[in-house]
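Participant: A single structure is presented below for examination.
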């Protein structure tokens with residue numbers, strides 16, 4: 022199995038990118054800046070800090086996921102190193118899986134660093150361990166894995182710039198798919214209904230991964246809901262990987 | 008044939024299996040979210056998952072707006088209601104937004120205040136007692152709608168940490184809404200369970216006043232007898 026060595030080398034390569042450090046530093050600045058809201062928010066500065074921190078982790082996590090996802094295969098194709106790689110006894114499916122694991126690990130590693138920093142800051146402010154926030158962060162991690170797999174899939178078809186745009190669009194549209202049933206019921210033309218229905222059944226509902234308001238307000242969230250949402254996310258990530266393997270298998274790199 | 012299948016057939020097969028698995032999982036997630044009250048309102052502006060951040064920005068804006076107006080007129084009341092309605096659409100668990108919006112609107116726009124606070128009660132199963140209490144204040148003192156006030160106070164007294172004056176307000180609301188017997192029973196309970204002397208005195212005064220009122224003018228003979236017995240009982244114990 023060549024998956025793990027490919028994943029390791031992909032992770033190491035991605036971690037050499039300076040932009041990732043800039044993103045993590047920027048996330049800390051954003052989280053800390055929320056402490057300045059005290060005068061503006063009337064006793065809600067801790068809530069604001071948690072909201073800003075969790076949202077910053079999503080925004081910056083999405084940037085890392087899309088950047089590493091689209092970059093991992095595009096880089097190999099652009100620099101022609103894919104020829105050397107595939108000339109070795111490496112299956113194309115192993116190549117894609119390795120690249121997915123490498124990009125996924127990079128994304129999760131960056132998210133983990135942001136999480137540690139964020140939890141330390143909240144613990145200092147709240148004077149207690151804010152582990153309840155991990156529920157929201159775990160779901161964010163799974164959402165990011167979907168974006169990594171989608172970014173890899175887009176990068177097997179399009180150049181990196183276009184793949185990045187498509188992946189960003191998927192993130193944005195994925196967060197409004199929960200509104201599509203409403204649009205379908207209100208649509209006047211059959212064409213709109215059909216298009217909206219296709220989008221609704223094909224695209225992931227990324228709002229499932231957004232339980233940030235409930236977590237910040239410390240509401241009880243059933244474990245079954247978190248587990249099902251994680252399975253849902255893993256299945257979508259798997260679909261992205263399967264489609265990427267399908268495309269890569271059909272490509273002629275000669 | 009087998010080679011072709013393993014090269015090209017297995018991938019579409021995996022894809023179909025994964026897609027088929029997604030639907031029941033997605034339905035189960037929807038069910039749990041509905042049962043647990045975790046469903047969100049359809050918000051007019053798409054927020055791409057950044058609903059709480061938008062709610063916070065609007066909250067900060069609303070506070071700055073409130074600080075800049077000397078008096079709440081009908082126009083300002085409508086703007087404030089819209090702001091807090093939007094904030095609570097984006098973050099339905101933002102209790103402080105219901106409270107601040109409800110308090111700000113309570114005098115000039117009591118109906119809007121009640122509507123906002125009631126939204127907070129609907130959106131939060133374990134809402135703190137202050138939210139229904141603020142709604143009851145608007146209904147009781149500004150709209151003089153005692154039945155509506157009773158409805159909110161009954162929610163407030165269910166909260167385990169509610170202060171004792173809410174029970175007294177509920178007993179008064181019952182009396183003013185015409186539920187004399189219920190009010191009498193409540194005052195008796197308050198009298199029996201009062202932890203402080205001033206609470207006991209207050210309950211005693213109200214119990215005497217209500218009992219005398221019933222004895223003098225209430226048409227129900229049984230209730231008159233009950234009031235007489237209660238008055239006697241309280242006098243003996245005192």
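Chains as they are written, first to last, in our numbering: chain C, 22 to 275; chain D, 8 to 245. Glycine included, each C-beta is placed from N, C-alpha and C at the ideal position. Owing to the predicted nature of the structure, the values given are computational and were not obtained by experimental measurement.
#1: Considering Cα atoms alone, identify which of 215(D), 114(D), 19(D) and 146(D) is closest to residue 243(D).
#2: Give the single residue among 131(C), 251(C) and 210(C) whose Cα lies nearest to the Cα of residue 37(C).
#3: So with Cβ pairs under 8 Å, would you call residue 264(C) a contact of chain B?
#4: If the cut is a Cβ gap below 9 Å, which residues of chain D does residue 237(C) touch?
#5: Please list the terminal residues of the continuous alpha helix (DSSP H) segment that includes residue 43(D).
#6: Take residue 183(D) as the anchor and find which of 81(D), 107(D), 151(D) and 230(D) has the nearest alpha-carbon.
#7: Check whether the Cβ atoms of residue 121(D) and residue 104(D) sit closer than 8 Å, and answer yes or no.
#8: In chain order, what residues of the segment 141–164 of chain C put their CB closer than 9 Å to some CB of chain D?
#9: Can you list the alpha helix (DSSP H) stretches of 4 or more residues lying completely in the segment 52–128 of chain D, in chain order?
#10: Hey, quick one: how far does the alpha helix (DSSP H) through residue 190(D) stretch, first residue to last?
#11: What distance in whole Å lies between the Cβ atoms of residue 86(C) and residue 48(C), which are believed to be in contact at a cut-off of 8 Å?
#12: Helix, strand or coil for residue 25(C)? Go by DSSP, reduced to three states.
#13: Does the pairing of the segment 108–127 of chain C with the segment 204–216 of chain C give three or more beta-carbon distances under 8 Å?
#14: Please report how far the alpha carbon of residue 171(C) lies from the alpha carbon of residue 90(C), in whole angstroms.
#15: What are the start and end residues of the alpha helix (DSSP H) that includes residue 175(C)?
#16: Using the C-alpha atoms, what's the distance from residue 69(C) back to residue 161(D)?
#17: Using 8 Å for Cβ pairs, my map puts residue 151(C) next to residue 144(C). What's the rounded Cβ distance?
#18: Just to confirm, are residue 178(C) and residue 261(C) a CB contact at a threshold of 8 Å?
#19: So with CB distances below 7 Å, who are the chain D contacts of residue 50(C)?
#20: So, does the CB of residue 245(C) fall closer than 8 Å to a CB anywhere in chain D?
#21: In angstroms with no decimal places, state the Cα-to-Cα distance between residue 269(C) and residue 119(C).
#22: Quick one: give me the first and last residue of the alpha helix (DSSP H) that residue 43(C) is part of.
#23: Can you list, in chain order, the residues of its chain whose CB lies under 6 Å from that of residue 109(D), leaving out five sequence neighbours each side?
#24: Compute every distance between the C-beta of residue 111(D) and the non-hydrogen atoms of the ligand ZN, then say whether any falls below 7 Å.
#25: Determine, using beta carbons only, whether residue 123(C) and residue 100(C) come nearer to each other than 8 Å.
#26: Tell me which residues share the same chain as residue 62(D) and place their Cβ nearer than 7 Å to its Cβ, disregarding the 5 neighbours each side in the sequence.
#27: Quick test of the definition: if touching needs 3 or more C-beta pairs under 8 Å, does the segment 50–64 of chain C touch the segment 23–41 of chain C?
#28: Can you check which of these residues, 222(C), 203(C) and 247(C), is closest to residue 53(D) by C-alpha distance?
#29: From the DSSP output, in three-state form, read off residue 250(D) for me.
#30: What is the residue span of the alpha helix (DSSP H) that residue 218(D) lies within?
#31: At a CB distance below 9 Å, what residues from the segment 221–236 of chain C approach chain D? Give them in sequence order.
#32: Would the beta-carbon of residue 83(C) fall within 8 Å of that of residue 51(C)?
#33: Checking 8 Å against the spacing of the C-beta atoms, do residue 141(C) and residue 53(C) come in under that value?
#34: Since residue 135(D) meets chain C, which of its residues come closer than 8 Å, beta carbon to beta carbon?
#35: Going by alpha carbons, who is nearest to residue 137(C) out of 45(C), 183(C) and 167(C)?
#36: Could you confirm whether any beta carbon from chain C is found closer than 8 Å to the beta carbon of residue 103(D)?
Facilitator: Straight from the coordinates:
#1: 215(D)
#2: The option with the nearest alpha carbon to residue 37(C) is 131(C).
#3: The displayed structure is made up of protein chains C and D, and chain B is not among them.
#4: 59, 98 and 100
#5: Segment: none, residue 43(D) is in no alpha helix (DSSP H) and carries neither H nor E.
#6: 151(D)
#7: No, they are not a contact pair.
#8: 164
#9: DSSP runs (the alpha helix (DSSP H)) wholly in the segment 52–128 of chain D: 58–74, 81–97 and 102–112.
#10: 187–200
#11: That pair is no contact at about 14 Å.
#12: Here residue 25(C) carries a helix assignment [DSSP, helix/strand/coil].
#13: no
#14: 8 Å
#15: 155–178
#16: 32 Å
#17: 6 Å
#18: no
#19: Under the 7 Å cutoff, chain D gives no residues; its nearest Cβ is about 16 Å from residue 50(C).
#20: yes
#21: 13 Å
#22: Annotation: the continuous alpha helix (DSSP H) that includes residue 43(C) extends over 39–54.
#23: 120, 123, 124 and 141
#24: This structure simply doesn't include the ligand ZN, nor any ligand for that matter.
#25: no
#26: 94, 97, 98 and 101
#27: no
#28: 203(C)
#29: Because residue 250(D) is not part of the residues shown, which for chain D are 8 to 245, the question remains open.
#30: 204–224
#31: Those would be 222, 223, 225, 226, 227, 228, 229, 230, 231, 232, 233, 234 and 235, in chain order.
#32: Cβ atoms of residue 83(C) and residue 51(C): not closer than 8 Å.
#33: It is not a contact, given that the beta carbons lie outside the stated cut-off.
#34: Correct list: empty, because the minimum Cβ distance to chain C is about 12 Å.
#35: 45(C)
#36: yes
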